[in-house]
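Our numbering puts the first residue of the sequence shown at 16, with every later residue one more than the last. Quick reminder that beta carbons are idealized off the backbone N, C-alpha and C, glycines included. Step one of this worksheet: look at the structure below.
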Amino acid sequence: MMKNEPFPVDIIDEGENYYIIMDCPGIIPDSLVISGNEEEIIVKGIKSAVKGKKYILIERFRGKFLRKIKLPQTIN
Numbered sequence: 016m017m018k019n020e021p022f023p024v025d026i027i028d029e030g031e032n033y034y035i036i037m038d039c040p041g042i043i044p045d046s047l048v049i050s051g052n053e054e055e056i057i058v059k060g061i062k063s064a065v066k067g068k069k070y071i072l073i074e075r076f077r078g079k080f081l082r083k084i085k086l087p088q089t090i091n
C-alpha cells in the first residue's frame, strides 16, 4: 500500500522557473521517481528503516510513499 507522506516542501518562484526543495530522509535513492504534468509534480519512492538495528519503538512511516505537489499555476 502506498502512503501519501507529507514531506515538507518549499517552492521558490524565480520568474520563469520554480524550484522545489523537499526534505525526504530515509529514502532509498534508487527507489526515487519524480514525474509531473502541467499542474503538479509527483514524487514516489520507498522509505526504509535502518537495517541491522533492534527497534524498541517504531512510529515513523516505512514503505512506499507518494507525494503530489500542486504548482501555483500551470507550466509547460
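Mapping DSSP to helix, strand and coil, what is residue i?
i     : result
Asp38 : coil
Ser46 : helix
Tyr70 : coil
Ile90 : coil
Gly51 : strand
Taking 9 Å as the CB-CB cut-off, is residue i touching chain C?
i     : result
Ser50 : The structure shown has no chain C; it contains just one protein chain.
I think residue i touches residue j, with their Cβ atoms under 8 Å apart; what is that distance to the nearest whole Å?
i     : j     : result
Lys62 : Arg77 : 6 Å
Phe22 : Asp38 : 6 Å
Give me whichever residues DSSP pairs with residue i in a beta bridge.
i     : result
Arg82 : Val58
Val24 : Met37
Look at the Cβ atom of residue i, then the Cβ atom of residue j, and state whether they are nearer than 9 Å.
i     : j     : result
Ile84 : Val24 : yes
Ile35 : Ile56 : yes
Using 8 Å as the cut-off, can you tell me whether the segment 40 to 50 makes contact with the segment 23 to 32, which would need three or more C-beta pairs spanning the two stretches below that distance?
Per the Cβ contact rule, the segment 40 to 50 is not in contact with the segment 23 to 32 (fewer than 3 Cβ pairs under 8 Å).
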